[in-house]
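J.: Got a structure for you, written out below as structure tokens; questions coming shortly.
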Amino acid sequence: MPELTHNGVRYILEPRRHDLYGPGGDLYMTEPDGSRPPEPIAFIPGKDADTAALFAQQWLKVAFPAEAPAKAKKK
1 MPELTHNGVR
11 YILEPRRHDL
21 YGPGGDLYMT
31 EPDGSRPPEP
41 IAFIPGKDAD
51 TAALFAQQWL
61 KVAFPAEAPA
71 KAKKK
């Protein structure tokens, strides 16, 4: 099971074959104590675990972008 980190949050990618989308993995956002929750937040398709992990990193960047610094107010 690959473990991913994004914006200081840990995620677990558990490989699984989906009936409709084929091979990939279920993406879980870990609990504060590090345990895996019962339900995944997404299914990430990929031909193998490495590809699914790469797609999961890209998906996390889009779904949960890092906060941009606040712009200074104009006078």
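If you're matching positions, the sequence shown starts at 1 in the UniProt record's numbering and goes up one per residue. All C-beta atoms in this analysis are idealised placements derived from N, C-alpha and C, irrespective of residue type, glycine included.
#1: I want to know whether the segment 23-31 touches the segment 5-15 - three or more CB-CB distances under 8 Å.
#2: Indicate whether A56 and L20 have their beta-carbon atoms separated by less than 8 Å.
#3: Looking only at C-alpha atoms, which of P37, P38, F43 and E67 sits nearest to W59?
#4: Rounded C-beta distance between P2 and A53? I'm assuming under 8 Å.
#5: Which residues bound the beta strand (DSSP E) around L4?
#6: On the criterion of 16 or more Cβ atoms from any shown chain inside 10 Å, does G46 qualify as buried, or is it exposed?
#7: Run through DSSP, which three-state label would A42 get?
#8: Return the CA-CA distance between R17 and E39, expressed in angstroms with no decimal places.
T.: On the basis of the coordinates in this document:
#1: yes
#2: Counting from 1 along the sequence shown, the entry for residue 56 is found at position 56. Counting from 1 along the sequence shown, the entry for residue 20 is found at position 20. No; because the gap between Cβ atoms is not below 8 Å, this pair is not in contact.
#3: Here the question's residue 59 lines up with position 59 in the sequence shown. Answer by Cα proximity: F43.
#4: Reading the sequence shown from its first residue, position 2 is the one you call residue 2. Reading the sequence shown from its first residue, position 53 is the one you call residue 53. The Cβ separation is near 4 Å, so the contact holds.
#5: For the purposes of this step, residue 4 is identified with residue 4 of the sequence shown, where counting begins at 1. Judged by DSSP secondary structure, L4 falls within the beta strand (DSSP E) whose first and last residues are E3 to H6.
#6: By 1-based counting over the sequence shown, the position of residue 46 is 46. Buried, since its Cβ has 16 or more Cβ neighbours within 10 Å.
#7: Locating residue 42 in the sequence shown gives position 42, where the first residue counts as 1. Three-state DSSP puts A42 in a strand.
#8: Here residue 17 corresponds to residue number 17 of the sequence shown, with the count starting at 1. Here residue 39 corresponds to residue number 39 of the sequence shown, with the count starting at 1. Each residue's Cα considered, the two are about 16 Å apart.
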